[in-house]
Amino acid sequence: MTDTGVRIQLALLALAVVVALLAPVHRRALLSGLVVAGIGIAGVLTGWLALTGHAGRLTIPVALPFGPVTLSPAPLGGFFMLVIGAVGAVCAVYSVGYVHGPAASRTSWVALAVFLTAMQLVAASADVVAFLLAWELMALSSTVLVLTEHAHRATVRSATLWYAAMTQLSFFLVLLGFAVLSAEAGSTQFADLAASHVDSAASNLAFVALLLGFAAKAGIVPLHVWLPRAHPEAPSHVSALMSAAMVKLGVYGAVLVTTQLLVSASTWRSLLVLGVGTLSAVYGILQASVASDIKRLLAFSTTENIGLMFLAIGASSLLRPYGSTDVADTALVACLLLVMAHAAFKTTLFLGAGSILRATGERDLDLLGGLVSRMPVTSATFGIGALGAAALPLTAGFVAEWVLLQSLIHGGGTQNRILAITMPVAVGAVALTAGLALMTFVKAYGIAFLARPRSEGASQAQESPTSMRVGLVVAAASVLGLGLVPGLSVSVASRALGLGDAAAAGSGGIDLVGLGATLHPGPLLLLALVLVVPVVVVSVAAARRRPRRDVDLAWGSGGVRVSPRMQYTATSYAEPLSRIFDDSLRPERDVVVTHSSEARYLVERIQYRQRLSDVFESRLYLPVIGVIERVGAAAKNLQNGKINFYLAYSFVAFLVVLMVVTL
Amino acid sequence: MVLLLVQVVVMVALTPLLVGVMRQVRSRLEGRAGAGILQPWRDLRKLFAKEPLRAPGISWVQAAGPVVLVTSGLLLCALIPLVGTVASPLLTDDLFVVVGVLLVGTVALALVGLDAGSAFGGMGSSRHMTIAALVEPTVLVAVYALSVPIGSSALSRIVNARIEAPASVAAPVSLLAMVALAIAVMAETSRMPVDNPSTHLELTMVHEAMVLESSGRDLAWLELGSWLRLGALLGLIGTLTLPWGMAVEVAPVPALVGVVTLAVRLAVLGALLATLEVFLAKLRLFRVPELLAGSFVLALLAVTASYLTVTV
Amino acid sequence: MSDQLFAQAIGMCAAVLLLSAVLLVWRRAQAAALPLMSLQGLALASLVAVLGIQAGSRELLELAALVLVFKAVGLPLVLVRSSQGEQGGAPLINTATSLIAMAGLTAVAYVVSAPLSALGSGPTVQAIPVGIALVLYGFLLLVTGRHAIVQLVGFLVIDNGTSAVAFLSSGGVPVIVELGVVLDVLLVILILYVLTGRIRDEFGATDLDDLTELHD
Amino acid sequence: MAFRDVIRLITSIGRIAEPAPPRPEVMADRPPELAGTVQIRHVDAGSCNGCEIEIANAFGPVYDLERYGARLVASPRHADVVLVTGVVTHNMREPLLRTVDATPRPRLVIAMGDCARNCGVFADAYGVAGAVRDVVDVDLEIPGCPPEPDAIVRAVRSVTGR
């Protein structure tokens, strides 16, 4: 059955390309948007079919020596197709109203359609060749999409350079890993790879290569540098698609490798995944909490959430040999819940950021403010997204984090000393991440939407058009929906992992069977509503007697000129944090005082500039790039224009080959 | 279900008295006569009778924030087993949910501070959120430590286990966890070592700076909400340290006994906290992370100790 | 013809091939080198003819005639016209070092041809190292040549070497393959011919070092 | 002071606050909401700091104004009474108006000390804009330069009625 689904998607892709190329300019956004949304919805259906066990098999003869490419999504692949399809559909509907300038050109519409379909194919592929082909197609189309606004800003080019380099590095590592694995197992089909239980020295190399490759695509810390660069530069609906869907394929790969292809009880592998996950979670949210560009903040928050997913995967593979298996399964269910929750709220947040960017032309939080009255729908949906990202109760984020914490604290550390050490540290890291995430999203929402506008653009902001609002509302509804009825998402996640309905309870709540922990958000919300009634009644009664009076000045201890510049900005909001974590953020601060010309004692203007550096970039990437540049320079004078040298090189090569062949 | 509502009503009545007791104890220790225990109630009544003011540029958050804070306070009082430990099947009294509800209140308060649009509101909100972010690891790992011996993070099961095995209350693991939780509660409810509630110097404020702009009934809800949170958290610590006298089944007599013991517990803890505040000076803001890091290490020790003692 | 005569004939052709290559390198492939090129073509044609007679196949004999026409007469003529009597000039390394290098290359040729000669026995197989040595000498000429002409000669020597190896190891290749190879060689020669013409128009001489000015 | 000394100090001195003098009658047209509880926001409109010291004494342990339900607050938003001390200088005229306007109703303005009542010794100084009653309407006045702490206590008790 799923083969028909995939065929429909490919047909829709062709249609999308045709529509993008031929549709008249003023109709193009609407038509292409709808067709791309169609691809998304087809993806959702195919994913659902794969999840409910109707896996069909579609083989496309490709003129490669490795034989035909087979596309038959397993339940796990189906789950990711479902998530990516949903995100794609919402982003497509949103983009109909959002695209302007270069983002509305034919190339970016075609690239968008190709990008969404490529992601679906990656999740649907059943063998290594299909996987790699779709992976590279996804990388190329997303590079084109990131480049859309290169004419407007110079930083787009350098960001795309970083992005392209890192995605190709990821492709190379995945290729290397799969090559070694297929060589060991002797076949390229995932089913055979899983069945062959490869467990040799080469499998360690394959594991590390695949892990690093998928970590590079997912934006895990040592390889995350492209994420905070590419996402802010891409148009918002593209960065939403990349952040909510594309990085999930990194997680899909990691789950695939750790649970099916390279299952092994060696603790160093799970500790590696756990360590990398924890590091990315804490470091990502730390950088997000001090970032003042809204999209850079959201990009780093993606690194944090991906870190949590890797932490869940690492914990599950660590717990499996020691603890009981259903605790390990709960950790995996937590990982998939995190995938769904992150897809929901990150889409809402990025689309909200896009709507702010379109209305105010500003991306820097320090220049926004006062949008809550000017853009009600955007602020409401962004607020719900922020609640989800901060993992506050009754949102999808909270449910995912709750299941993760339950699986960690039931880690059964009593049997084993390693668990007794790692589980508390992991819980501490998750808690610190949750705390900093709370701080980050209060800052993002508070500074961007509340108080008075800090720039001209912010004061003239208007609400965005209907298609953008529809996209925003649907995404925000999914954040609340997944939060209030977690039973549904848990059953989908456990079916994707082949655990049957291990952890779903009747009234939409969760009953983690092995752990005896239950969570029913419905009654909790009901109780909250019951409790809020008396409060509202008393407020209304008091309001009738003493109505609210308007005053013409906020209280700034009697000051007369209360200008928006006196308000806190995102940089000052995060200043205590950057001071507390200064050893890992390395802030460079300088204060420039300009005295008035008449008297040295009177100060005209004080400027406070702060630049936060990414310690991984300065410590890891710059030295490596320096070495590469030096090697490049040295290699340059190999090419000195003398033909004889060139002939000599080939002669030496010829001799070496001869010698090698004979010896 | 009935027990929860009883608990909420009792807490709404008791918490202002708790704050009254704390202020009374503090004045008596300073040699003053003190304004009497009912003063907070009088303040509240008067605040409801005053008109709230709205400055330009302030949004609906100024009115909605306090309501959310009070509701989260009420929800806390409902979820935490204060009067009785009867766990209702549908309602999850899981500690992580409790912490989540607490954080909803914190976020609401921070947004009210930010919405004021004044320098003090932003400053208070930034400091409050920074401290909340650093408190969270301590609270969650302390919860983890409490849940290890029982194997579940549901509060009612933890308290029941403590009632059945009184020795476990004095075990080193639970003592470490309780100290860490106490520090975290003092930080979260802006009490003395972290923040001075009765300060007038705006630059030293954390909690007070956020409510500078609120007036009338908004201020009343903010005050009541903060007091409810303080009462609920003190009640939580009280229940965990002195779990005796709590109602085990839903019946009038045990409920009455539960209410009385709850009142006594709150009075004792309130007085203790007030005396502590007289002796402590306010920590510099950037020394607070050291205090929180210390409490985090305590909680971490509690967990590893609970694992190792169980294995040994 | 008797085996013994056949072995001598093969030995003779191989020796002439080798000798012509050595002389080419020695005389720095100047204008005087051109008769040596036709000598080499002749030796190659006779080698093919001997093989044809031994195997008694008419096809090989036609091939020998083809090789004779092209390699002994055609290509050297093109060489003469493109060099237009220009002196070769000193190669990059002096003659003594190039001769020593040739000795080394011969040793390498013998080591390298070990697996080839293990394929079978008989006089043709023993002569294979000569073919490989010829190829290596051609490369040496290419690398050390300072003028375009020397490159041409080097390239031709390599081509002769490869065809010699082909003939010696597999008893000749089908006509089509040989025709293909010869046509390729013709094409290369034409290109080099045009190239040297352009270099001469540009720089007045075909000294390759002038080309270094071409970089940006 | 060491922990032990503080405990010894507390136990040895015990209660410092003097017994409450007889309750004065409630002032005319006092808003009924302020019965028993009044939040005071002090504004120094140009005082020589004499009155501030007396206010501190009034809230000190001996007179203990808090026992009657009064409290000093940081923001006029929280206040019911604006306690103005000193003459109103030109610079402080605008902030005083702002502060009184920033106080939610029902509110009272108390002018404390002779400077506030009739510019006192600074009557015709160049920097003086006038007495408090020339800028805002005053509900209660406390005479004296500076007024005795128990005068302040009597005035506040006449507002709270305790």
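Residue numbers (the numbering used here), protein chains in the order written: chain A, 1 to 663; chain B, 664 to 975; chain C, 976 to 1191; chain D, 1192 to 1353. The C-beta atom is built at its ideal place from N, Cα and C for all residues, glycine as well.
- Within 10 angstroms of the beta-carbon of A/Met439 lie 16 or more other beta-carbons, which makes it buried.
- Relative to A/Pro73, the option among A/Val44, A/Ser239 and A/Gly354 whose CA is nearest is A/Val44.
- A/Tyr601 sits exposed, since fewer than 16 C-beta atoms from the chains shown fall within 10 Å of its C-beta.
- Considered as a whole, the region 375–412 of chain A harbours 376–389 and 396–409 as its complete alpha helix (DSSP H) runs of no fewer than 4 residues, in chain order.
- Within the same chain, Ser816 and Ala817 come within 6 Å of B/Asp757 by CB-CB distance, once the 5 residues on both sides are set aside.
- Contact annotation for B/Pro715 against chain D: Pro1295 [CB-CB distance below 8 Å, chain order].
- Straight through space, the alpha carbons of C/Val1087 and A/Leu638 are spaced by roughly 28 Å.
- Under the three-pair Cβ rule at 8 Å, the region 389–404 of chain A counts as touching the region 760–778 of chain B.
- When the beta-carbon positions are compared, D/Ala1219 and D/Val1275 stay at least 9 Å from each other.
- A Cβ-Cβ distance of about 7 Å is found for the pair D/Ile1231 and D/Arg1262, placing them in contact under the 8 Å criterion.
- Sequence-distant Cβ neighbours of A/Gly498 in its own chain, meaning closer than 7 Å and more than five residues away, are Pro75.
- Within chain A, no residue has its CB atom less than 9 Å from the CB of D/Arg1298, the nearest being about 12 Å off.
- Chain D has no Cβ within less than 9 Å of the Cβ of B/Met786.
- With contacts defined as CB atoms closer than 9 Å, A/Leu147 and A/Val156 qualify as a contacting pair.
- If you ignore the 5 residues before and after D/Pro1267, its C-beta comes within less than 6 Å of the C-beta of Arg1232, Thr1290, Ala1293 and Thr1294, all in its own chain and listed in chain order.
- Here A/Ala451 is near B/Gly720, since their CB atoms are less than 9 Å apart.
- Comparing C-alpha distances from A/Thr70 to each of A/Gly516, A/Leu133 and A/Trp48 shows the shortest one belongs to A/Leu133.
- Taken through DSSP and simplified to helix, strand or coil, A/Thr46 comes out as helix.
- When A/Val627, A/Glu617, A/Ile643 and A/Val661 are compared, the shortest CA-CA separation from A/Tyr283 is found for A/Glu617.
- A/Leu13 and A/Pro235 have their C-alpha atoms roughly 21 Å apart.
- Beta-carbon to beta-carbon, C/Leu1116 and C/Leu1022 are separated by about 21 Å, too far to satisfy the 8 Å threshold.
- Apart from the 5 residues on each side of it in sequence, A/Thr160 sits with its Cβ closer than 8 Å to the Cβ of Thr143, Val146, Leu147, His150, Ala230 and Glu233 in its chain, given in chain order.
- In the DSSP assignment, A/Val69 forms a beta bridge with A/Ile60.
- For B/Val730, the nearest beta carbon of chain D is not closer than 9 Å to its own beta carbon.
- Interface annotation, A/Arg320: not in contact with chain B, CB-CB separation never under 9 Å.
- When only Cα atoms are considered, B/Glu886 and A/Ala215 end up about 48 Å apart.
- Burial of A/Arg495 is indicated by the presence of at least 16 other C-beta atoms within 10 angstroms of its C-beta.
- Counting the other Cβ atoms within 10 Å of the Cβ of D/His1281 gives fewer than 16, which makes it exposed.
- As DSSP reads the structure, A/Ala517 sits in a beta bridge with A/Leu512.
- If you look at A/Thr594, you'll find it in the beta strand (DSSP E) that goes Glu588 to His595.
- The contact set of A/Ala648 on chain C, defined by CB atoms closer than 8 Å, consists of Val1118 in chain order.
- For A/His342, the closest Cβ of chain B is not nearer than 9 Å.
- Residues of chain A with a Cβ closer than 7 Å to the Cβ of C/Phe1114 are, in chain order, Phe651 and Phe654.
- C/Leu1050 has its alpha-carbon roughly 10 Å from the corresponding atom of C/Leu1165.
- Assignment of C/His1122 by DSSP, reduced to helix, strand and coil, places it in the strand class.
- Judged by DSSP secondary structure, A/His237 falls within the alpha helix (DSSP H) whose first and last residues are Ser236 to Leu241.
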